[in-house]
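See below for the structure under consideration.
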Amino acid sequence: MSINVNLLGKGLKYLGLLIFLFIAAPITLTMGFKALKKFDNTPNEYLTYILLAIGAILIVFTIYFAFKTFQILLKALFNS
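Set out below in C-alpha cells:
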C-alpha cells in the first residue's frame, strides 16, 4: 500500500485553499451583518445585501469544498 504522491500534492493544495476559505467566509458574512446594521435606510443598503449573499455563497462552497478536499486526501492515502 503506497501513497499516491501526485494526488497527495493536489489534496494539500486544496487544503491550503480550504483553510483560507475557513477564514474568509465567516469574516465576509460578519462584515455583511455589521454593514446591514450600520447602513440602515441609506442608499448603500443594497451593498450590504450583496455582501451577505457573497458570504452565504462562500459558506456553502466552503462546506462542499471541505468534503471534496478530504475525499481527495483519503484517496491519496488509502487507495493502492
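This note's numbering numbers the first residue of the sequence shown as 6 and each following residue consecutively.
Cβ coordinates follow ideal geometry from the N, Cα and C atoms, glycine included.
Buried/exposed call for residue i, threshold 16 Cβ in 10 Å
i: Thr35; result: exposed
i: Ala29; result: exposed
Min CB distance residue i to chain C below 9 Å
i: Gly14; result: Included in the structure is just one protein chain, with no chain C present.
Alpha-carbon to alpha-carbon, residue j and residue i
i: Lys42; j: Tyr69; result: 29 Å
i: Gly37; j: Leu63; result: 12 Å
i: Lys39; j: Lys73; result: 31 Å
With contact counted as at least three CB pairs below 8 Å, one residue from each stretch, are the region 6-24 and the region 44-56 in contact? For the pair of segments examined, the region 6-24 was found not to touch the region 44-56: the number of CB pairs separated by less than 8 Å stays below three.
Extract the residue ranges of the alpha helix (DSSP H) inside the region 10-61, only unbroken runs of 4 or more that lie entirely within it. Qualifying alpha helix (DSSP H) stretches, in chain order: 10-43.
Between the region 69-80 and the region 51-60, do three or more beta carbon pairs fall short of 8 Å? Cβ pair count under 8 Å is below three, so no.
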